[in-house]
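Right, one structure below, let's go through it.
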Amino acid sequence: MGTEIDWKATARHATPYVREYEAETDRRTLLVVDHRAALATGPRANTKLEMLRGVAVAIAGAARRLNDPLGLITVGDDGITNHLELASPAVNYGSVRRRLLALEPTAATDASPTTAVSGRTDSEAADNPSDSRSLSTTSNAGASHAPFLQRHTTPSDIQRVLSDLEGADDAFTRTLRPFYADRQVYRERIAEAPLYEAIQRGVTSAQGSLWTVICTDDSQPAELRETVALANRGGNEVMVLLAPSVLYEPGGLADIEQAYDRYVAFEEFRRELARMDGVTALEVGPADRLSAVLEAGRSRGGRA
């Protein structure tokens, strides 16, 4: 018998609850921890980064006890700050733990501004390419022009479609061309985003099935959607540990009604991620502030 974290309890209480389970195979665990400037938000000892770090250290400890291969990527505003390849916890655990405990928020760059998920985000969702929620479509019209339209698209997919459309001039092609041109710009921006880049490098170098644990906040939802989809590719399991900005911001609960609305928007985003096959998305936040927000919702008949 072995042990595993009861992640729902861990996320709520920031302390790992342990339950027994039958360990059948080793699970290769890749921790991806965001420590960009936005993760500094919160009271000194309870910032987003501090709360997420605590859960990440618990996950690393579980991997050590189970002898599961463990890797770590940390992400700052300018890109990857640490990359420890997957290895036996006997080799990696000490280094993973030390680097997690040493993390500090990095300085913000002049790139895209961040806005919590309850507002518009990611530079207004990269100029709003059809709300950026999904770059797939269910249209069957003109399928011969773009046979992959009904699956998740990648930057290379978009470039290939644009090339295919170059020589055609029918009405359907004229409709599609600006649609894909806008998405090419959006995809290029996402591909350069630090968290997306980290997953791209980590998943590529791992060359095999992974359990990827992404520790971040809700300040870049468009980037996070695409990052999770990338980590999930090939049937890999993904866990997203997500810090809701509204529960950390100074004065975030001053207008409790607005705070509740923002929390509802966060919860909708979390559930959207959790609906992806193979993806678990959990909230990591201070219990006292969450209780205050939920009580405000109950008092007006709302439900998060």
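Position 27 of the sequence shown, counting from 1, maps to 27 under the UniProt record's numbering, and the rest follow consecutively.
Ideal Cβ positions, reconstructed from N, Cα and C, are used throughout, including at glycine.
In this structure, DSSP gives LEU242 an extended state, which the three-state scheme calls strand. Within the same chain, ALA296 come within 6 Å of ILE256 by CB-CB distance, once the 5 residues on both sides are set aside. In the DSSP assignment, VAL117 falls outside any beta strand (DSSP E), carrying neither H nor E. Annotation for ASP288: the continuous alpha helix (DSSP H) segment containing it runs 287 to 299. Excluding five sequence positions before and after VAL57, the CB atoms of its chain that fall closer than 8 Å to its own CB belong to ARG97, LEU100, LEU101, given in chain order. The continuous beta strand (DSSP E) containing ALA281 extends over residues 279 to 283.
A direct Cα-Cα distance of roughly 38 Å separates VAL91 from LEU290. If the five residues before and after ALA108 are omitted, its C-beta is found closer than 7 Å to the C-beta atoms of ALA37, ASP77, all from its own chain and listed in chain order. In this structure, VAL203 is the residue among GLU283, GLU197, VAL203, PRO221 with its C-alpha nearest to the C-alpha of GLY71. Annotation: TYR260 to VAL293 spans about 5 Å, alpha carbon to alpha carbon. In this structure PHE269 touches PRO221 by the C-beta definition: roughly 6 Å separates them, less than 8 Å. The three-state reading of DSSP puts ASN236 in coil, since its state is none of H, G, I, E or B.
Taking 8 Å as the upper bound for CB-CB distance, ILE73 and VAL32 are in contact here, some 5 Å apart.
ALA231 and ILE199 do touch by the CB rule: their CB atoms are close to 5 Å apart, below 8 Å.
Its Cα nearest to that of VAL284, the residue TYR248 stands out among VAL264, LEU253, TYR248.
When DSSP states are grouped into helix, strand and coil, THR227 belongs to the helix group. In the structure shown, ASN46 falls within a coil segment according to DSSP collapsed to helix, strand and coil. For the pair ASN82 and SER299, the Cα-to-Cα distance works out to about 46 Å.
As the crow flies, the alpha-carbon of SER219 is around 17 Å from that of LEU253. Comparing alpha carbon positions, the residue from SER95, ASP288, ARG271 closest to VAL117 is ARG271. DSSP places THR216 in the strand class (E or B) of the three-state scheme.
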